[in-house]
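Number of protein chains: 4
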Amino acid sequence: MTRPRAALKKRANGVESRQRILDATVEIAGERGYEGTSIAAVSAKCGLPASSIYWHFKDKDDLIAAVIERSFEAWVETVGLPDDSAGTPLERAMIMAADVAKSLVEAPDFLRLGLMLALERRPTEPRGRTVFLQVRELSLRRVEDVVRSLFPDLDEDAVGTLTTYAVAGADGLFTHREIHGDTVDPVTLFELHAHLVYDAATRLAPGSRR
Amino acid sequence: MTRPRAALKKRANGVESRQRILDATVEIAGERGYEGTSIAAVSAKCGLPASSIYWHFKDKDDLIAAVIERSFEAWVETVGLPDDSAGTPLERAMIMAADVAKSLVEAPDFLRLGLMLALERRPTEPRGRTVFLQVRELSLRRVEDVVRSLFPDLDEDAVGTLTTYAVAGADGLFTHREIHGDTVDPVTLFELHAHLVYDAATRLAPGSRR
Amino acid sequence: MTRPRAALKKRANGVESRQRILDATVEIAGERGYEGTSIAAVSAKCGLPASSIYWHFKDKDDLIAAVIERSFEAWVETVGLPDDSAGTPLERAMIMAADVAKSLVEAPDFLRLGLMLALERRPTEPRGRTVFLQVRELSLRRVEDVVRSLFPDLDEDAVGTLTTYAVAGADGLFTHREIHGDTVDPVTLFELHAHLVYDAATRLAPGSRR
Amino acid sequence: MTRPRAALKKRANGVESRQRILDATVEIAGERGYEGTSIAAVSAKCGLPASSIYWHFKDKDDLIAAVIERSFEAWVETVGLPDDSAGTPLERAMIMAADVAKSLVEAPDFLRLGLMLALERRPTEPRGRTVFLQVRELSLRRVEDVVRSLFPDLDEDAVGTLTTYAVAGADGLFTHREIHGDTVDPVTLFELHAHLVYDAATRLAPGSRR
DNA sequence: AATGAATGAGGATTCATTCAT
DNA sequence: AATGAATGAATCCTCATTCAT
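Chains as they are written, first to last, in our numbering: chain R, -12 to 197; chain L, -12 to 197; chain C, -12 to 197; chain E, -12 to 197.
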């Protein structure tokens, strides 16, 4: 009576269960938002009873926050880090644009869910929203750095404006695609965006005729 | 003396009640989205019992759809129609930009609620979402017309791209402001956007070195 | 400016409205029973607002009771009274059987609704049930009389048993038809029933070898 | 000593809870029919909160269907199977009659509830009704078999007629008793019914003077 | 003779969560 | 590591009824 040889299946496996729950949750939360995501629905989709979800996560808030975190990490990986060395500023900007466009097409959960949460204004803010705002702030700083390194002449105000415009534009293009689908090619749009942001840098630069 | 005109309060007045319900609903739905909007909350805010809400609206779906419709109309009014005659194309674009910026700052319910609904993907789409998509489509056609009239040389593809970029940019700037507040002056951003869209028109125009 | 010539339509007409309400109510109550019959449903079916129903009837109980009364009268008319004079007792019994069979096929609302109400045991008995029990008692007395006149020799106990059996049989055949439809010809069954009741009379008669 | 077996009350026991819910439901549904049976009332009667009822049953429909099923089984048990061997056909028929009479007096929930459901015609038929019709069909087949074995000479049409008449008669007698109580002794009536059905068999038999 | 609007009570069902096992 | 059962609060919505007009 040795231990069963291949007890691989159905052997209590915390890590895998956790993943299954998170998988189910992204799907549902991405469809229905924070309030629309019920533990029962997640339970039905992942096959584990509701009480098991509470074994892995403190509460619904915690679950959603975890989902945001995980999907942010997944998104960050698909973006890839820009190679600092290569080419002219414009060329580097264009490569970033293409990267971001691709990442938003491939791993849209993070931003969709995040924007849904961010647009809400409920009195007691869910932790998921806070998490999203944090990682978003992080991304904004990262973009700011890139802007600064690409256009060293800009003053801080201009850097802020440009960063905001660059990120807001990406948000808008993403949102548009989520709503209307690929009626216009997203890569074209993101490249246009990169070009225009680049133009804006010169427009905002000191000594420009603005 | 005739009988007191406004009796002793609380006497049947359909039109006003309807408005009160809608007022309460925009406020709540704009804060918490579709699922977060409970009839009980609306009832509490407008003072009428839940059952009375159902006299005026078939169900929650119907209520939210009505809110979207009304807030769209309100928004359209605050935008104002562009004066066809005035100035150079660029000047006219700048005026539009300022108008839209102002309208989004003043009557943001329509777009906030609409975007929240639009980002959702629930299997049985709420009517409110459909309504939003319809009026949005309408707005897109309107912008398209303006683009065409400002830049008569553009081919249809370019018109589509430009329209999409213009609207998506506005969405993005709006979203950014909803999330981060006025860290960067919205009018500046919308004017920058107008400038860049204008530049893009020349970039996309036939004969440009694109 | 004389009175409009043919103000026949839409001139407030109490009698017709009352009928429309009753018509709608039989239909719904026959489908769904007492509790299942909502004023809103009746209102929807007859086209008059709920408040109008309350102008014609005191309350729901009153409405249902009125329906029972009216459908009983309709049923009584389709039964027709047996012609006292004609033929042998058996022949007269057979004619009655055919009459009753036909009436239950043609105007089944009364009995269906009545039985539904009668089978219920709610603590505060609805007036409709009382009305049904009353008219049913009336019918039972009528049948009793017929039994007595057909079989003058029977003692009162036997009359009671026979009457009960005759009526219960009719109820059962009716119920069976409501449930299973015309899988077996109802006239055949009612004739068989008449025959057997007739046989039973001889079986119960004094001096029979029972 | 081990830990106290029946803890401190109120500790999870699925099977027992399910029974308690069903017990409460038969009682209420038998009194008030489908629509008249509110989950709140069941909850009050069985002591479990409404939400617990939904742990055990998908919805009200499911609950009522389960009640029908269980009460049918209970009823089948009180009927008892006819002992194939004993006596003449008539004697055996009489014993069956007595058995059925007794069972309907003792466990009337099944038939009362079933008939109430069966008489309804709601557009979307409740599952409970379907279940009742199924078990009823089953019972009819059983009776048909008995008829065939008691009167092997009958052709199929006659078997159908006789079966229908036998069952419909039982329904009618049951209904009568539910409505009017024991004004006439039920056993007497069921025995009379058995006699008459027996007579009918000869009346329907080939070669009879029918 | 009729009705638009209102309303409190109650309908079924789902919610997030807990807890003993 | 997991789960069956339970639970109170909240969900949306319908109920029968009223009342001023």
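All residues carry an ideal CB built from backbone N, CA and C; glycine is no exception.
Using C-beta distances below 8 Å, list every residue in its chain close to residue i, excluding the 5 sequence neighbours before and after it, in chain order.
| i | result |
| --- | --- |
| L191/R | L141, A145, T148, L149, R197 |
| F44/E | I8, L50, A53 |
Just how far apart, CA to CA, sit residue i and residue j?
| i | j | result |
| --- | --- | --- |
| Q6/L | V92/L | 22 Å |
| T151/E | R164/C | 10 Å |
| M103/E | P173/E | 21 Å |
| F59/C | V29/R | 55 Å |
| F20/E | V130/E | Going by the sequence as given, residue 20/E is Gly instead of Phe. For G20/E and V130/E, the distance between alpha carbons rounds to 27 Å. |
| L35/C | G34/L | 29 Å |
| L98/L | S38/C | 40 Å |
| R(-8)/R | I40/R | Because the pLDDT of R(-8)/R is 42, which lies under 50, any placement of that residue in the model is unreliable, and the number read from its coordinates should be weighed accordingly. In a straight line, the C-alpha of R(-8)/R is about 29 Å away from that of I40/R. |
| L106/L | G159/R | 12 Å |
| A155/C | V13/C | 24 Å |
| I51/L | R116/E | 38 Å |
| K89/R | T65/R | 8 Å |
| F119/C | G101/C | 6 Å |
| F161/R | E22/R | 23 Å |
| V171/L | E124/R | 14 Å |
| A85/E | V87/C | 29 Å |
| H182/E | A11/E | 38 Å |
| R108/R | D169/L | 16 Å |
| W42/R | V2/E | 25 Å |
| A157/C | H180/E | 13 Å |
| V133/C | D96/C | 25 Å |
| S199/E | E143/E | The displayed coordinates of chain E run from -12 to 197. Any statement about residue 199/E would go beyond what the structure contains. |
| E178/E | T111/C | 35 Å |
| M83/L | P139/L | 18 Å |
Return the chain-ordered list of same chain residues with a C-beta closer than 6 Å to the C-beta of residue i, the five sequence neighbours on each side being excluded.
| i | result |
| --- | --- |
| A61/L | A94 |
| L176/L | L160 |
| P76/C | L137 |
Could you confirm whether any beta carbon from chain L is found closer than 8 Å to the beta carbon of residue i?
| i | result |
| --- | --- |
| D186/R | yes |
| R155/R | Arg is not the amino acid found at residue 155/R; the sequence shown has Ala there. Judged by the 8 Å Cβ criterion, A155/R is in contact with chain L. |
| R5/R | no |
Would you say residue i reaches chain R, if we count a Cβ-Cβ gap shorter than 8 Å as a contact?
| i | result |
| --- | --- |
| T162/L | yes |
| G20/L | yes |
| R129/L | no |
| R99/L | yes |
Keeping to the same chain, check which residues put their C-beta closer than 7 Å to that of residue i; ignore five residues upstream and five downstream.
| i | result |
| --- | --- |
| L9/R | A53, V54, R57 |
| A16/R | T24, I51, V54, L100 |
| G67/R | D86 |
Taking Cβ-Cβ distances shorter than 8 Å, what residues in chain E pair up with residue i?
| i | result |
| --- | --- |
| V171/C | G147, T148, T151 |
| G1/C | Within chain E, no residue comes near G1/C; the closest Cβ sits about 30 Å away, beyond 8 Å. |
| R135/C | Those do not exist, as R135/C stays about 16 Å from chain E at its closest Cβ, beyond 8 Å. |
Closer than 7 Å by beta-carbon distance: list the chain E residues that pair up with residue i, in chain order.
| i | result |
| --- | --- |
| A105/C | I166 |
| D142/C | Going along chain E, no residue has its Cβ under 7 Å from D142/C, so there is no contact; the nearest lies around 14 Å. |
Taking Cβ-Cβ distances shorter than 7 Å, what residues in chain C pair up with residue i?
| i | result |
| --- | --- |
| L102/E | L106, T162 |
What residues from chain R crowd round residue i, counting only those whose CB sits closer than 9 Å?
| i | result |
| --- | --- |
| T175/L | T148 |
Residue i touches chain E at which residues, Cβ-Cβ below 9 Å?
| i | result |
| --- | --- |
| G23/C | G20, Y21, E22, G23, E107, R109 |
When the Cα of residue i is compared with those of the options, which residue comes out closest?
| i | options | result |
| --- | --- | --- |
| R79/C | R123/C, T162/C, L137/C, K47/C | L137/C |
| V63/E | V2/E, E112/E, V122/E | V122/E |
| V184/L | D96/L, A157/L, A153/L | A153/L |
| K47/E | E178/E, A27/E, D169/E | A27/E |
| E18/C | P113/E, I82/E, T189/E, V171/E | P113/E |
| L127/R | P110/L, R108/L, I166/L | I166/L |
| R135/R | T111/R, T189/R, P110/R | T189/R |
Taking Cβ-Cβ distances shorter than 8 Å, what residues in chain L pair up with residue i?
| i | result |
| --- | --- |
| D158/R | D158, G159, T162, H163 |
Which chain L residues are close to residue i, counting only those with a beta carbon under 7 Å from its beta carbon?
| i | result |
| --- | --- |
| L183/R | L183, D186, A187 |
Taking CB distances under 8 Å as the criterion, tell me whether residue i reaches chain C.
| i | result |
| --- | --- |
| R79/E | no |
| R114/E | no |
| L179/E | yes |
Does residue i get closer than 8 Å to chain E when you measure Cβ to Cβ?
| i | result |
| --- | --- |
| G17/C | yes |
| R190/C | yes |
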